[in-house]
Amino acid sequence: MANAKRWTPLFRNKRGLFFSRRIRGFSFPRNENEAKKMLFFSYFKELVGKQVTVELKNDLAITGKLHSVDQYLNIKLENTRVVDEEKYPHMMSVRNCFIRGSVVRYVQLPPDGVDIEILHDATRREARGG
Amino acid sequence: MSWAGAEDIFLSTSLASYLDKKLLVLLRDGRKLLGILRSFDQFANAVLEGACERVIVGDLYCDIPLGLYVIRGENVVLIGELDLEREELPAQMTRVSSAEIKRAQKAERDATDLKGSMRKRMEFLDLD
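Chains as they are written, first to last, in my numbering: chain A, 1 to 130; chain B, 1 to 128.
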């Protein structure tokens with residue numbers, strides 16, 4: 001396996017070849033679709049530790065401290081409270097929960113939760129193709 | 001390959017920190033399953049041991065035992081860790097038998113069906 005170490009392009013776009021390599025724990029997105037998703041993943045990672053309200057597609061809304069997010073935008077909340085507690089009595093004793101990314105409709109953030117400027121810049125960078 | 005350390009597990013979004021705990025799994029069709037998480041994967045497929053379905057109708061509830069369940073991840077909405085210190089349900093709720101809860105469910109369904117059919121019959125009145 002003499003060539004095992006050689007860098008092989010993962011995909012090619014207008015700007016050139018994308019190689020697989022890791023920089024400080026950040027791995028390059030494997031395709032353009034994933035690259036776009038990474039922006040929101042990075043964005044949610046910034047929000048860890050903040051108080052958020054997650055509204056699900058079944059209208060259940062849960063408030064809690066954002067514990068972590070992953071690549072699918074699955075969310076883990078700590079110290080949760082359901083917004084309409086009378087309607088969902090079964091959620092009474094749930095304090096920590098895992099929410100599947102695919103069922104989330106909205107994530108309501110604290111007003112100071114994000115620097116719009118930075119997000120805006122990052123979006124333009126992504127739109128230009130990295 | 002190395003195993004993730006205990007602290008990594010608690011920081012990550014994976015379900016590893018919920019293993020061997022009693023959980024409430026909310027499904028897309030609104031069902032609520034309770035059980036002990038024994039296994040999972042990246043799609044949130046999950047294995048619940050000693051699973052039961054909690055049926056709630058108004059102030060009545062019933063736990064219907066199901067056994068060992070494998071849940072396909074796409075049907076999972078939420079997986080909640082139950083705080084054993086707290087009451088699982090409000091105090092005014094009463095536990096009833098499975099036969100009774102089925103009757104209550106049917107009564108509720110019939111009531112909504114009736115409401116729907118009444119509405120359909122009165123549609124010509126152009127309500128709301």
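A virtual CB, placed ideally from N, CA and C, is assigned to each residue, including glycine.
Given this structure, state the Cα-to-Cα distance separating residue i from residue j, to the nearest angstrom.
{"i": "residue 109 of chain A", "j": "residue 121 of chain B", "result": "45 Å"}
{"i": "residue 71 of chain A", "j": "residue 117 of chain B", "result": "45 Å"}
{"i": "residue 49 of chain B", "j": "residue 68 of chain B", "result": "5 Å"}
{"i": "residue 47 of chain A", "j": "residue 89 of chain A", "result": "29 Å"}
Can you confirm whether residue i, when its beta carbon is compared against all beta carbons of chain B, has any partner nearer than 8 Å?
{"i": "residue 25 of chain A", "result": "The predicted position of residue 25 of chain A is uncertain, since its pLDDT is 41 and thus under 50; a value taken from the coordinates is nonetheless stated next. No - not a single Cβ of chain B is within 8 Å of the one on residue 25 of chain A."}
{"i": "residue 42 of chain A", "result": "no"}
{"i": "residue 76 of chain A", "result": "yes"}
{"i": "residue 91 of chain A", "result": "yes"}
{"i": "residue 79 of chain A", "result": "no"}
{"i": "residue 94 of chain A", "result": "yes"}
{"i": "residue 56 of chain A", "result": "yes"}
Identify which residue in the options has its Cα closest to the Cα of residue i.
{"i": "residue 11 of chain B", "options": "A/39, A/40, A/41, A/78", "result": "A/78"}
{"i": "residue 56 of chain B", "options": "B/20, B/32, B/5, B/86", "result": "B/32"}
{"i": "residue 44 of chain B", "options": "A/73, A/112, A/81", "result": "A/73"}
{"i": "residue 23 of chain B", "options": "A/99, A/112, A/113, A/103", "result": "A/99"}
Can you pull the chain B residues whose beta carbon is under 8 Å from the beta carbon of residue i, in chain order?
{"i": "residue 70 of chain A", "result": "12, 13, 14"}
So, is the C-beta of residue i closer than 8 Å to a C-beta in chain A?
{"i": "residue 24 of chain B", "result": "yes"}
{"i": "residue 81 of chain B", "result": "yes"}
{"i": "residue 18 of chain B", "result": "yes"}
{"i": "residue 86 of chain B", "result": "yes"}
{"i": "residue 93 of chain B", "result": "yes"}
Against residue i, what residues of chain A qualify as contacts under a CB-to-CB distance less than 7 Å, listed in chain order?
{"i": "residue 65 of chain B", "result": "Within 7 Å Cβ-Cβ: nothing; residue 65 of chain B doesn't reach chain A, min ~17 Å."}
Taking residue i as the query, report the chain A residues whose CB atoms sit under 9 Å from its CB, ordered along the chain.
{"i": "residue 89 of chain B", "result": "89, 90, 92, 93"}
Interface residues of the region 101-126 of chain A facing chain B [CB-CB below 7 Å]: 103
Members of the region 42-62 of chain B that neighbour chain A once the beta carbon cut-off is set at 7 Å: 44, 54, 56
Members of the region 96-115 of chain B that neighbour chain A once the beta carbon cut-off is set at 9 Å: none
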